[in-house]
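Residue numbers (the numbering used here): 8 to 117.
Structure first, commentary second.
Encoded structure:
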């Protein structure tokens, strides 16, 4: 029997705006690098960061819940000008945050 994967809980936000700015810049770089740089990537990164900031300011620290909030709220975003969708964006946010925490997410959660 395998052990359940424990949730990843971020420390409480001390400066959610600064975290959001960092996330927005990091996500834009990721989006540009993943396919091609597009002006819509700025808008996508900004919207994802806004969701993240609001969630953190409301006290959300669970990474899984943050990712689900981004997926849910980005469903209303118009991705017609982009190669991306809400799941790709939310997963990228998760990868960026995990990487910043030094957690290797390429090993089945280990």
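Built from N, CA and C at the ideal position, the CB exists for glycine as well.
All values reported here derive from a predicted model rather than from experimental measurement.
For the pair residue 23 and residue 35, the CB atoms are not nearer than the 8 Å cut-off.
Here residue 97 is buried: its Cβ has 16 or more other Cβ atoms, across all protein chains shown, within 10 Å.
In the DSSP secondary-structure assignment, residue 111 is not bridged to any residue.
By the Cβ-count criterion, residue 107 is exposed, with fewer than 16 other Cβ atoms from all chains shown falling within 10 Å of its own Cβ. Note that the C-beta distance between residue 62 and residue 83 is not below 8 Å. Pairing residue 88 with residue 60 gives a Cβ-Cβ distance that is not under 8 Å. Measuring C-alpha to C-alpha distances from residue 92 to each of 11, 44, 68, 79 identifies 79 as the nearest. Secondary structure within the segment 29-113: the alpha helix (DSSP H) runs of 4 or more consecutive residues, fully enclosed, are 47-64, 70-81, 93-107 (chain order).
In terms of Cβ geometry, residue 16 and residue 55 do not form a close pair [threshold 8 Å].
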